[in-house]
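Step one of this worksheet: look at the structure below.
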Amino acid sequence: MTDLRTAEAATLLPTDTPGVVLYSGGFERLIADLRLGIEALGADEPFERLAIPPVISRALVERAGYAKAFPHLLGTVHSFTGTPAEWRELSGTPDWHREQRIGDLVLLPAACYPVYATLEGRELTGPARFAVSAHCFRQEGSAEPGRLRSFRMSEYVTAGTQAHCEDWRAAWLARVAEWLGAMDLKVSVEVADDPFFGRARKVFQAAQRAQELKYELRVEVADGLVQAIASANCHKDTFGTVFEFTADGEPGHTACAAFGLERIALALIHAHGPYPADWPQPVREVLTGAVAAGALR
Ligand code: AMP
Ligand code: ZN
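Here it is, written out as C-alpha cells:
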C-alpha cells in the first residue's frame, strides 16, 4: 500500500526519455491550484477562454515565423506516406520509419500561437483578450530539472493598439511579479533575448534588448538552478502584419503573459517543500487565488 504521506507529495518521476516526466497526484493537485490562482489573477479582465490542442497547423507556425526562428526547438509530426506494399516490406524492421514524411501538423510550441490566426482579417475597434492553456513541446537540447520537452503553459493574450499592448504588458509583468513574490519566491525580472525577431541574430538581439520585447520572471527551481518560470512579451505588429488584422486602422499589435506551470510548481516545491498541504497558509491562499496578492501589501 502506498504510504499516505508519499501519495500527498508533489513530485516528478523521470522516464527513460530526457525532458519527459510523470507527475504524482500531489503534483497534479498543485497544478490544479495554480490554475485557480492564474484564473483569479485575470478575473477582472474579460478574457475569452479557448482550449488549445497540443498540435497546430504547420503552415500557421511557418507563417508566424517560429519555424525560421526556432528550427531546433520545433517538433514536427511525420507519418507514413508509402504504399501498402512498402509498409509490408518495412513493417517490423528497424527501418520501419523510412517512408515517414512531414505532414500538415507540428507540435504546439507555445499556447498563444493559435490565437493570432483567429484574428485574421479582423478590424479591431477595441482590445481582444484571450485566456489559453495547452501542452507545449520544445525539442530542448539538454535535460535539467524544469527543462522539459513536454510541458504545460497557460497564457493571457491581447491584441490591440501599440499603446494598449505596451500598457497591458507592463501591468501584467508587475502583476505576475507581485503574485510570485507574495508566494515567497525570490523573483528576478530580466530582459531576455528571444531570437524570434532576429534575422541577423546578433544585431537584432541588441536592438530587441533595447526595445525590451521579452521580460522573463526568473526563480530558483532547484539548488543553484534559476529558470524563467513566466514571461511577459510584446510582439509589436508582427502577428498583425502576418495575419492582417488591424487596431484603430493600424496593423494590430499583440502581447502575452505566459506561465510555465511545471516550473512555477518546481519553484514553489523548492522554496516550501514537497507537501503543498503543509505550506504557510498565506502562500496557499495566494496560490489558489483565495486572497489577492495585492491584499498582502
Ligand atoms: P516562452 O514562450 O519561452 O517565454 O515560455 C513561456 C514559459 O514557458 C517560460 O517562462 C517557462 O516557464 C515555460 N517553459 C518554456 N520552455 C520550457 C521547458 N523546456 N520546460 C518547461 N517549461 C518551459
Ligand atoms: Zn505567448
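Heads up: the sequence shown begins at 275 in my numbering, then just goes up one per residue.
Glycine included, each C-beta is placed from N, C-alpha and C at the ideal position.
Leu-393 and Arg-403 have their C-alpha atoms some 11 Å from each other.
When distances are taken from the beta-carbon of Ala-545 to the heavy atoms of the ligand ZN, even the shortest one reaches 6 Å or more.
No Cβ-Cβ contact shorter than 7 Å links Val-461 with Leu-422. Using a C-beta cut-off of 8 Å, the segment 290-302 makes contact with the segment 422-438, since at least three inter-stretch Cβ pairs fall below that distance. A check of alpha carbon separations from Gly-300 across Asp-307, Ala-283, Gly-311 and Leu-287 identifies Ala-283 as the nearest.
In this structure, Ala-532 sits near Met-427, with a CB-CB distance shorter than 7 Å. The closest CA to that of Pro-383, considering only Trp-361, Glu-336, Arg-362 and Phe-354, is found on Glu-336. Distance from the CA of Leu-454 to the CA of Arg-332, rounded to the nearest whole angstrom, comes to 35 Å. Under the three-state reduction of DSSP output, Leu-381 falls in the strand class. With at least 16 other beta carbons inside 10 angstroms of its own, Gly-434 counts as buried. In the DSSP assignment, Lys-488 falls within the beta strand (DSSP E) that extends over 488-496. Under the three-state reduction of DSSP output, Cys-439 falls in the helix class. The beta-carbon separation of Glu-452 and Cys-508, rounded to 20 Å, does not stay under the 8 Å limit for a contact.
Within the chosen limit of 6 Å, the ligand AMP reaches the beta carbon of Met-427 through at least one heavy atom. In the DSSP assignment, Glu-452 is bridged to no other residue. Rounded to whole angstroms, the gap between the alpha carbons of Ile-376 and Phe-513 is 25 Å. At a cut-off of 6 Å, the beta-carbon of Ser-505 counts as near the ligand AMP: some heavy atom of the ligand is closer than that. In this structure, Arg-537 lies near Ile-503, with their beta-carbon atoms less than 7 Å apart.
Secondary structure of Gly-526 (DSSP, three-state): coil. Per DSSP, the beta bridge partners of Pro-288 are Val-295. DSSP lists Ala-408 and Gly-534 as the beta-bridge partner residues of Met-427. For Arg-323, no alpha helix (DSSP H) encloses it; the enclosing beta strand (DSSP E) starts and ends at 322-325. With respect to the 7 Å criterion, Glu-429 and Val-406 are classified as neighbours on the basis of their beta carbons.
Excluding its 5 nearest sequence neighbours in each direction, Leu-398 has C-beta neighbours in its own chain below 7 Å: Ala-433, Gly-434, Phe-519, Thr-520, Ala-521 and Gly-526, listed in chain order. Following the DSSP letters along the chain, one finds Phe-513 inside the alpha helix (DSSP H) bounded by residues 512-516. Nearest C-alpha to Ala-408 among Arg-449, Arg-309, Glu-373 and Leu-287: Arg-309.
Residues Thr-432, Gly-434 and His-438 of the same chain have their beta carbon placed closer than 6 Å to that of Pro-401, with the five preceding and five following residues left out of the count. Contiguous alpha helix (DSSP H) elements confined to the segment 341-384 occur at 358-364, taking only those with 4 or more residues. For Val-495, the CB contacts under 8 Å within the same chain, skipping 5 residues up- and downstream, are Pro-419, Gly-420, Gln-501, Ile-503, Arg-537, Leu-540, Ala-541 and His-544 in chain order. Judged by beta-carbon spacing, Phe-411 lies beyond the 7 Å limit of Leu-379, meaning their Cβ atoms are not closer than that value. Note: Thr-520 is bridge-paired with Glu-397 and Pro-525 in the DSSP secondary-structure output.
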